[in-house]
Amino acid sequence: MAQLASNPSWFTPKRLLCIFCVINLINYVDRGAIASNGVNGSRKVCQTNGTCSSGSGIQGEFNMSNFEDGVISSAFMVGLLVACPIFASSAKSVNPFRLIGVGLTVWTIAVAFCGFSFNFWSIAVARMLVGVGEASFISLAAPFIDDNAPVTQRTAWLGAFYMCIPTGIAVGYVYGGLISHFGWRWAFWVEALLMLPFAILGFVMKPLQLKALTMFVKDMKVLLLEKVYVVNVLGYIAYNFVIGAYSYWGPKAGYNIYHMSNADYMFGGVTAVCGIVGSLAGGFLLDRIDSTIPNAFKLLSLATLSGAVFCFAAFCFKSLYAFLALFAIGELLVFATQAPVNFVCLHSVKPSLRPLSMAMSTVAIHIFGDVPSSPLVGLLQDKIDNWRSTALILTSILFVAAGIWFIGVFFRSVDRYDEDSEHVNKANSTPLLVEKTTAEAV
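Here the sequence shown stands for residues -31 to -1, 1 to 411, numbered as in mature numbering (1 follows the signal peptide of the UniProt record, and there is no 0).
This is the structure we're talking about:
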């Protein structure tokens, strides 16, 4: 029995990282798929002579305006906003992986229901419930990764995890284009089947418990008084306002500006490569120059400013090849922020506040970032009817994000990673999960 009890679980930190990465990838494949021309489609258009072209995809079948189409991309925020603080607070007393299992179960059912939706409101409600699944996962995964990564590779591990965001969106573009041959509804049914095993896995894994001893209201007050955390999140909001709109409207804008018949594949390929290389490079570079909060802010401001210049210049060119070259460099630089920005979120607060800091960061960047940006960009495009001008106006907001993060360089910051360390169990060299002993089984 003693020998059985000492046997490590199969779920080591590295394997757990891989599982988290796959879940994150599937989550963002869904985001990319619903934005793809293959799944999202186009609305019905009638000419002045009375001839009408039939719409396609979700927008065409439900005859939605660009504003309503943007609302569909942002509807998940309702579930995220309600559920994120609940999951983060519950992690203090409930097994976090059980919470993830519950959330991913809701995600699976909601995504499957998207395939059965019959009008704008039915798919909007389903997308709201999708946010519940993301809430359970995104606020709890990052603290586990940061706690259990080797000390010299913490930012690199976070970079690998957050690399799955742009990569998942890019894969979703391509996936949406490919599966559209079977009908847009199949995109959601296949996603639900892919996530189902991970939802079940959440109920059978036994992790170490995150221990946080303070109340939610008190925790929120501490977060809001932490200037470093607040400035970091403000910059992240401006950044995500642009990236969220890029991810949703990018294929459609590319199709209209540069007449790309294969916009899903073009944007998917560029975003996948730049997302992987940029996210990993950002984490690796921060580890190389010393993982400190001031260095993270320097990297955030410089990468975002440089990326903004290239992305803005890209939309000024009429040549497709010039656009692709400049936009690829811009995306590479912009995605280098993924690891540093989450490093600051985790290290500017005490360990007991990490789940809540990630939860509230996620809520903030969505409710003030990509949630309003998608419908607002759709509304702007409905008004000016010029995708190039719309893209240039949107891209200029990246300069605001760079400026906010640059302010953070001058703040006196303290890395709070080791505060309250007596309440945080770390497992850099041992498996995170242990199997039940025979006695426990009995």
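Just so it is clear, CB atoms sit at the ideal spot from N, CA and C, and this is done for glycine as well. Note that this is a predicted model, so its numbers are computed, not measured.
Sequence-distant partners of F(-12) (beyond 5 residues in either direction) whose C-beta falls short of 7 angstroms from its own C-beta, in its chain, are A110, I114, F130. The way I'd put it, the region 233 to 247 does touch the region 140 to 150; three or more beta-carbon pairs between them come closer than 8 angstroms. With a 10 Å radius around the Cβ and a threshold of 16 neighbouring Cβ atoms, K352 comes out exposed.
Where G347 is concerned, the enclosing alpha helix (DSSP H) starts and stops at 340 to 353. Cβ-Cβ separation between I3 and N(-5): approximately 12 angstroms, too far for a contact (criterion under 8 angstroms). Cα atoms of M33 and Y224: separation of roughly 19 angstroms, rounded to the nearest angstrom.
Your pair E160 and D(-2) checks out as a contact, with CB atoms roughly 5 angstroms apart and the cut at 8 angstroms. With the rule of 3 Cβ pairs closer than 8 angstroms, the region 213 to 220 does not count as touching the region 262 to 276. Secondary structure in the region 128 to 213: no beta strand (DSSP E) run of 3 residues or longer lies completely within the stretch. Rounded to the nearest angstrom, the gap between the Cα atoms of F172 and L127 is 24 angstroms. Considering only M329, V378, L348, F157, the residue with the shortest C-alpha distance to I107 is M329. Shown here, S11 sits in a strand according to DSSP, grouped into three states. Fewer than three beta-carbon pairs drawn from the region 236 to 252 and the region 362 to 379 are found closer than 8 angstroms, and the two stretches are therefore not classed as touching. For L269, the enclosing alpha helix (DSSP H) starts and ends at 262 to 285. If you ignore the 5 residues before and after L73, its C-beta comes within less than 8 angstroms of the C-beta of I(-9), G102, S105, F106, M164, F167, A168, G171, all in its own chain and listed in chain order. Just measuring C-alpha positions, the residue of G29, A57, K187, A139 sitting nearest R323 is A57.
One alpha carbon belongs to I134, the other to V143, and they sit about 15 angstroms apart. With contacts defined by Cβ atoms closer than 8 angstroms, L255 and T121 do not form a contacting pair. Within the region 220 to 257, the complete alpha helix (DSSP H) runs of at least 4 residues fall at 232 to 257.
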